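Chains as they are written, first to last, in this note's numbering: chain A, 1014 to 1096; chain B, 68 to 412.
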């Protein structure tokens, strides 16, 4: 799964309340350069469904969403890079 | 015991199930517009309001229910609504949002429910009661003795005319402006998967919650409480039942909140989304402070987001429209301060 992807940064927002999982992900991506990959660990169902919509608006590229266990998911996102 | 109050439990289970599957939270619905520029949940709320408005109007015309719009006390509606709006952003969920998430195993939401119930009770019958009483009695306006202000009687038009016009206008506007950007297809999943495993799309959630409102109205009226869904009053009743020296018993709306937690837990367990989640200490404190504001705001304003926005606006209550508007304003100011402003710098 991660064999070909180099993860630049990891954000663990498990246990966080609405909307911190989304906001922390978006803030982290804002600071990253184009092509860098962000790994996000989250367990909040609403955010897991809402994040892809937010990423599309900011042109970040969602590489994968994988369920780890129960509501725990691992997202890999390639930053669009505004800088 | 009046067994009809158990109708609240049954309606609550369906409501809780729908809330969890549709991720239906009005805090997110209003806040997402400015924080994430996302309108999905707002459309869900809009659909639920329109379906309820249509249902209540038909049910009232056929004599199945007697409409019971909440009173207008503009000062209390505005102050209470605004404080409630601030509180729900801090607490990370509206009154229904925090209630259903208890069933998903979110400890933060449990803390929020405790805060909402505590401050709500203190405002309904404790040391905060004089503030609420003053705001409500000094700014109350009625249409006539015993008749509360609605958009219809304020405009001097029949209720059904105003309600059907709003619905028609909303549908036409959506048809003209929104439909082309929508993907409302259901896809080719099986119905079992669609209902129990996938999350519901926005319009399905809205329609189901609108129908739950209608069933709730009939069930609740049969039990002697002539109003559809509510949340805060249910939590306050549960606190009163537990308080020594206070005479209170479980009622329809108290069973409703118990049902919501059960329904959400069932939905979360089936979808493999149940997990005990505990936020960090500082966040728990933020949630608790937020939920205290919610409890005070809801009782002062005469209702939380469910009583005002989901149940009251479909009845065209002016108090609910004003209370609902100030909930949204309070939420926007707080969300801008907490999330938008830090992202700009």
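We put the CB at the ideal spot given by N, CA and C, even for glycine. The model shown is predicted, which means the values in this text are computed figures rather than measured ones.
Original post:
Can you list the residues of chain B that residue 1040 of chain A reaches, using a CB-CB cut of under 9 Å?
Top reply: Chain B residues near residue 1040 of chain A: 409, 410.
Original post:
If we count Cβ pairs, one from each stretch, closer than 8 Å, do we get three or more for the segment 352–367 of chain B versus the segment 121–138 of chain B?
Top reply: no
**OP:** Look up residue 353 of chain B in the DSSP assignment and say whether it is helix, strand or coil.
**Re:** helix
Original post:
Under 9 Å, do residue 113 of chain B and residue 273 of chain B count as touching if we go by C-beta distance?
Top reply: yes
Original post:
In chain order, what residues of the segment 1070–1088 of chain A put their CB closer than 7 Å to some CB of chain D?
Top reply: The displayed structure is made up of protein chains A and B, and chain D is not among them.
Original post:
Distance, Cα to Cα, residue 104 of chain B vs residue 311 of chain B?
Top reply: Going by the C-alpha atoms only, they are around 48 Å apart.
Original post:
Are the C-beta atoms of residue 1035 of chain A and some chain B residue less than 9 Å apart?
Top reply: yes
**OP:** Consult DSSP for residue 344 of chain B and reduce its assignment to one of helix, strand or coil.
**Re:** Residue state for residue 344 of chain B is assigned as strand, using DSSP reduced to three classes.
Original post:
Which whole-angstrom value is the C-beta distance of residue 1092 of chain A and residue 1039 of chain A, which I expect to be below 8 Å?
Top reply: Taking C-beta atoms under 8 Å as the contact rule, residue 1092 of chain A and residue 1039 of chain A fail to qualify, at a distance of about 11 Å.
Subject >> CB contact check: residue 1043 of chain A to chain B, cutoff 9 Å >> reply: yes
**OP:** Closer than 7 Å by C-beta to residue 118 of chain B: which residues in its own chain qualify, once you throw out the five before and the five after it? Chain order, please.
**Re:** 273, 274, 277, 278
Original post:
For the segment 316–346 of chain B, which residues have a beta carbon sitting closer than 9 Å to at least one beta carbon of chain A?
Top reply: 335, 338, 339, 340, 341, 342, 344, 345, 346
**OP:** Quickly, what does DSSP pair residue 1023 of chain A with across the bridge? List them, please.
**Re:** A:1052
Subject >> Residues of its chain near residue 94 of chain B, where Cβ-Cβ distance is below 6 Å and the 5 sequence neighbours each way are ignored >> reply: 155, 160, 161, 164
Original post:
For residue 259 of chain B, does the three-state DSSP call read helix, strand or coil?
Top reply: helix
Original post:
At least one CB of chain B closer than 9 Å to the CB of residue 1030 of chain A: is that the case?
Top reply: Interface residue (Cβ-Cβ distance to chain B less than 9 Å): residue 1030 of chain A is classified as such.
Subject >> Bounding residues of the beta strand (DSSP E) (the contiguous stretch that carries residue 208 of chain B) >> reply: 207–211
**OP:** Helix, strand or coil for residue 411 of chain B, going by three-state DSSP, please let me know.
**Re:** helix
Subject >> Whether residue 147 of chain B touches residue 199 of chain B by CB criterion (9 Å) >> reply: Yes.
**OP:** Between the Cα of residue 386 of chain B and those of B:139, B:247, B:84, B:73, spot the shortest distance and give me the residue it belongs to.
**Re:** B:139
Original post:
In this structure, does DSSP put residue 1087 of chain A in helix, strand or coil?
Top reply: strand
Original post:
Among the residues of its own chain, which have a CB less than 6 Å from the CB of residue 184 of chain B, if the five just before and after it don't count?
Top reply: 302, 306
Subject >> Cβ shell of residue 1077 of chain A (< 6 Å), same chain only, five flanking positions each side left out >> reply: 1089
Subject >> residue 83 of chain B beta carbon less than 9 Å from that of residue 166 of chain B >> reply: Going by C-beta atoms, residue 166 of chain B is nearer than 9 Å to residue 83 of chain B.
Subject >> beta strand (DSSP E) segment containing residue 324 of chain B, residue limits >> reply: Run containing residue 324 of chain B: none in the beta strand (DSSP E); it sits in the alpha helix (DSSP H), 319–337.
Original post:
CB residue 89 of chain B to CB residue 290 of chain B, shorter than 9 Å?
Top reply: no
Subject >> Beta-carbon proximity list for residue 37 of chain B, same chain, < 6 Å, skipping 5 on both sides >> reply: Only positions 68 to 412 of chain B appear in the structure, and residue 37 of chain B is not among them; the question remains open.
**OP:** Closer than 8 Å by C-beta to residue 181 of chain B: which residues in its own chain qualify, once you throw out the five before and the five after it? Chain order, please.
**Re:** 355, 358
Subject >> Neighbour list for residue 11 of chain B in chain A, Cβ cutoff strictly below 9 Å >> reply: The question about residue 11 of chain B has no answer here: the residues shown for chain B are numbered 68 through 412.
Original post:
Taking the alpha carbon of residue 396 of chain B as the point to measure from, which residue in B:80, B:96, B:188, B:72 has its own alpha carbon closest?
Top reply: B:96
**OP:** Run down chain B in chain order and give the residues with a C-beta less than 7 Å from the C-beta of residue 1025 of chain A.
**Re:** Within 7 Å Cβ-Cβ: nothing; residue 1025 of chain A doesn't reach chain B, min ~12 Å.
Original post:
So what's residue 1077 of chain A in DSSP terms, helix, strand or just coil?
Top reply: Strand, per DSSP.
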